[in-house]
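K.L.:
Following this message is one structure expressed as structure tokens.
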Amino acid sequence: MAEESETWGSRRSRREHARASTRRGASFFGVLGELLITAGVLTLLFVAWQLWIGDWIGAAEKNAAGQSITEQWQHEFAASATEPTPAPSATNAPAEPVISPEPKDAQVFGVMYIPRFGADYHVPMAGGVSRPRTLDPIGIGHYPDTPMPGSVGNVALAAHRTTFGKPFNQIAKLHVGDPIVIETKAGWYTYRFRNLEYVKPDAVDVLLPVPQETRVEAKGRYLTMTSCSPMYFKTERIVAYSVFESFTPRADGAPASIKEAS
Amino acid sequence: MYAALWRLLPGPWWARLLILLVIAAAVLYGLFFYVFPWVSALIDPQDVTVQ
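Protein chains in written order, with the numbering used here: chain B, 31 to 292; chain E, 26 to 76.
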């Protein structure tokens, strides 16, 4: 009996001794293993962020930013309209679109609404199409030197189709005639989606005043949206063309197209 | 490494666990909002513009 407990006791002390020795100096391979596990976890986290988490964050941020811009414009308008506003242009003549000045790089000038992409879709638009300054942090970029919404010619825009809140994620699901509404401080510009196209990345002629028509002077008002294709790759670009329908001044309130059931 | 961290932390086990959770949350926040966007801009294989 005594012998037994002694063996047990010595075994325990040996075990404790062993544990103490690992405590004193963590082994090289132990640390290496933990570092490798950490690296693996970080890599998986990055993938999860790239595919899902970052999109939730990005989409929420962009929708919130778009909403606050809209509210601010509405607020400024209400504050400035102290005198009775001229009766909403109830005449049949459609309002002549107000053309905003071209924004500086990364300067927010508009908010885009596409009911097909969801009722809460309102993504900010800014000047330039650089990823670090406009497309990643803000949302939709406006190609420099292309016209502004409402102009005769071709308004060209770009945005992510995957990652960073993916504003143009569902671009391939647009139906002919879907409203694409751009809000600026002046009012709302309604475009109607017409068709999709897949082009090579160097097909800059989609940005021409009349898309893909060289040396043709534009008479119509077009909107061209570019994004990556296939998703997660850069081998091609997907292009969505739309045509201008109408301009609604801010005094008239948001047009019905902004909430059009899809 | 992590065992050493565990021993460094003061208090009973639940206090250590709480501290670790707070640290983990802070690390995740830094990764999701600063590190990953930066890494993504470096390696990301996508382009949305024609040029």
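Where is the CB? At the ideal position from N, CA and C, for every residue including glycine. Values in this document were obtained by computation on a predicted structure and should not be read as measured data.
1. Below 9 Å between beta carbons is the criterion; list the residues of the region 26-48 of chain E that meet it against any residue of chain B, in chain order.
2. Would you list the one or two residues that DSSP bridges to SER257(B)?
3. Are there 16 or more other CB atoms within 10 angstroms of the CB of LYS134(B), so buried, or fewer, so exposed?
4. Tell me which residues share the same chain as ILE129(B) and place their Cβ nearer than 7 Å to its Cβ, disregarding the 5 neighbours each side in the sequence.
5. Nearest chain E C-beta to SER257(B) closer than 8 Å, yes or no?
6. Does the beta-carbon distance from SER257(B) to ALA189(B) come in below 8 Å?
7. Under a three-way DSSP split, which group does GLY207(B) fall into?
8. Mind checking VAL159(B): buried by the 16 CB within 10 Å criterion, or exposed?
9. Does the distance from the CB of TYR173(B) to the CB of LEU253(B) come in under 8 Å?
10. Does DSSP put HIS172(B) in a helix, a strand or coil?
11. Hey, PRO37(E) and ASP166(B): beta-carbon distance below 8 Å or not?
12. Any idea if GLU34(B) is buried or exposed, counting beta-carbon neighbours within 10 angstroms, 16 or more meaning buried?
13. Applying the 10 Å Cβ sphere with the 16-neighbour rule, what's the burial state of ILE68(E)?
14. Using C-beta distances below 7 Å, list every residue in its chain close to VAL229(B), excluding the 5 sequence neighbours before and after it, in chain order.
15. Could you please give me the residues that DSSP links to TYR218(B) through a beta bridge?
16. So is ASN93(B) buried or exposed if we call it buried at 16+ other beta carbons inside 10 Å?
17. Are the C-beta atoms of ALA66(E) and some chain B residue less than 8 Å apart?
18. At a cut of 8 Å, does the region 209-227 of chain B reach the region 273-285 of chain B through at least three beta carbon pairs?
19. Out of curiosity, what's the CA-to-CA distance linking ASN199(B) and ARG191(B)?
20. For THR74(E), count neighbouring Cβ atoms within 10 angstroms of its own Cβ and tell me buried if that reaches 16, exposed if not.
21. When Cβ atoms are compared, which residues of the region 186-201 of chain B fall closer than 9 Å to chain E?
22. Given TRP103(B), which residues of its chain have a CB within under 6 Å of its CB, disregarding the five upstream and five downstream residues?
P.N.:
If we stick to the structure as given:
1. MET26, TYR27, ALA28, ALA29, ARG32
2. ILE268(B)
3. LYS134(B) is exposed by the Cβ-count criterion.
4. Hits under 7 Å: MET178, GLY180, SER181.
5. yes
6. Pairing SER257(B) with ALA189(B) gives a Cβ-Cβ distance under 8 Å.
7. coil
8. Result: buried.
9. no
10. In the three-state reduction of the DSSP assignment, HIS172(B) falls in the strand class, which pools E and B.
11. Contact flag unset, no.
12. Low local confidence applies: a pLDDT of 49 at GLU34(B) is under 50, so the model's placement there is unreliable, with the coordinate-based value given in what follows. Label assigned to GLU34(B): exposed.
13. exposed
14. Its chain contains VAL236, GLU266, ARG267, VAL269 as the residues whose beta carbon lies nearer than 7 Å to that of VAL229(B), once the 5 sequence neighbours on both sides are disregarded; these appear in chain order.
15. First, the amino acid is wrong: residue 218(B) is Trp here, not Tyr. Among the bridge pairs identified by DSSP, TRP218(B) is matched with GLU213(B), THR278(B).
16. buried
17. At least one chain B Cβ lies under 8 Å of ALA66(E).
18. Enough Cβ pairs lie closer than 8 Å, so yes.
19. 4 Å
20. buried
21. ALA186, ALA188, ALA189, HIS190, ARG191, THR192, THR193, PHE194, PHE198
22. The beta carbon of TRP103(B) lies closer than 6 Å to those of LYS215 in the same chain, with the five residues before and after it left out.
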